[in-house]
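Structure record follows, encoded as structure tokens.
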DNA sequence: ATGTCGGTCGCCTATGGAAT
DNA sequence: ATTCCATAGGCGACCGACAT
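Residue numbers (the working numbering): 2 to 217.
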């Protein structure tokens, strides 16, 4: 491994699990196999400060990086559906705003995260990592499908399954008490894979990209 | 006996694809 | 054409373990 690649491997990365207003955000900072920081906060700017503090380069976020496009939706989600990876269809902004159930609150929260990171870590708009600090969209179930096998991964057993998966990757999960923290670590793992070039981009420039590790 | 905490379960919101 | 199943988070109900 060359010097640059070796340095990249120990870079600090982060994963963020986005919840509604009650649950807030969960952040995990990962450096190699070491969990450097586990934090939760209702304020996206606080997570941004934490990431600056740990010199985080790449941040994987479990929330849509952009709204659906009227009439055509998002190519990334259709591509995944074709591969039998179920995901939630992101509505258009108009549709999300019109909803009165509060169901989309977590998606609006996700938008606040991207906004808080925009100045230092803009959303990755290319199909691959270019070396600059970025945020990117990913989601735990797709990561689990890639690392466990699509036919094995099940959201119903996500607590036990995802914890076991992380332990098999050599991570210590004792500090990760809730499913939200586990999901955040999975996003951080996706960030490591993106840096290493072991990542696939679903979607296109119009509907935005979703990055998932390539199957092992 | 009463209260708290974590974990599980089922159902709600929405949507698209597969199966029937 | 209709039903079923999958994903996401939220929420209330319930249960067992433990503390007061």
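C-beta atoms are modelled at their ideal positions from N, C-alpha and C, and glycine is treated no differently.
When the Cα of residue i is compared with those of the options, which residue comes out closest?
{"i": "residue 205", "options": "126, 168, 135", "result": "126"}
{"i": "residue 137", "options": "58, 38, 21", "result": "58"}
{"i": "residue 72", "options": "110, 30, 91, 63", "result": "91"}
{"i": "residue 122", "options": "15, 135, 196", "result": "135"}
{"i": "residue 35", "options": "118, 186, 203", "result": "186"}
{"i": "residue 108", "options": "15, 197, 199, 26", "result": "26"}
{"i": "residue 88", "options": "182, 139, 133", "result": "139"}
{"i": "residue 21", "options": "68, 150, 131, 114", "result": "114"}
{"i": "residue 67", "options": "217, 215, 216, 211", "result": "211"}
{"i": "residue 169", "options": "48, 77, 217, 65", "result": "217"}
{"i": "residue 38", "options": "159, 155, 78, 183", "result": "183"}
{"i": "residue 132", "options": "197, 15, 209", "result": "197"}
{"i": "residue 96", "options": "74, 81, 179", "result": "74"}
How would you label residue i, buried or exposed, when you count the other beta carbons within 10 angstroms and need 16 or more for buried?
{"i": "residue 193", "result": "buried"}
{"i": "residue 190", "result": "buried"}
{"i": "residue 44", "result": "exposed"}
{"i": "residue 11", "result": "exposed"}
{"i": "residue 32", "result": "buried"}
{"i": "residue 200", "result": "buried"}
{"i": "residue 116", "result": "exposed"}
{"i": "residue 61", "result": "buried"}
{"i": "residue 104", "result": "exposed"}
{"i": "residue 176", "result": "exposed"}
Helix, strand or coil, according to DSSP, for residue i in the structure here?
{"i": "residue 116", "result": "helix"}
{"i": "residue 137", "result": "strand"}
{"i": "residue 90", "result": "coil"}
{"i": "residue 99", "result": "helix"}
{"i": "residue 111", "result": "helix"}
{"i": "residue 13", "result": "strand"}
Start and end of the beta strand (DSSP E) containing residue i?
{"i": "residue 182", "result": "It is not in any beta strand (DSSP E) - residue 182 instead sits in the alpha helix (DSSP H) that spans 180-197."}
{"i": "residue 214", "result": "209-214"}
At what residues does the alpha helix (DSSP H) containing residue i begin and finish?
{"i": "residue 201", "result": "No alpha helix (DSSP H) contains residue 201, which is instead part of the beta strand (DSSP E) from 200-205."}
{"i": "residue 166", "result": "159-169"}
Problem - Complete runs of the alpha helix (DSSP H) confined to the region 28-82 [at least 4 residues] - result: Inside the region 28-82, DSSP marks whole alpha helix (DSSP H) runs of 4 or more residues at positions 45-54, from first to last along the chain.
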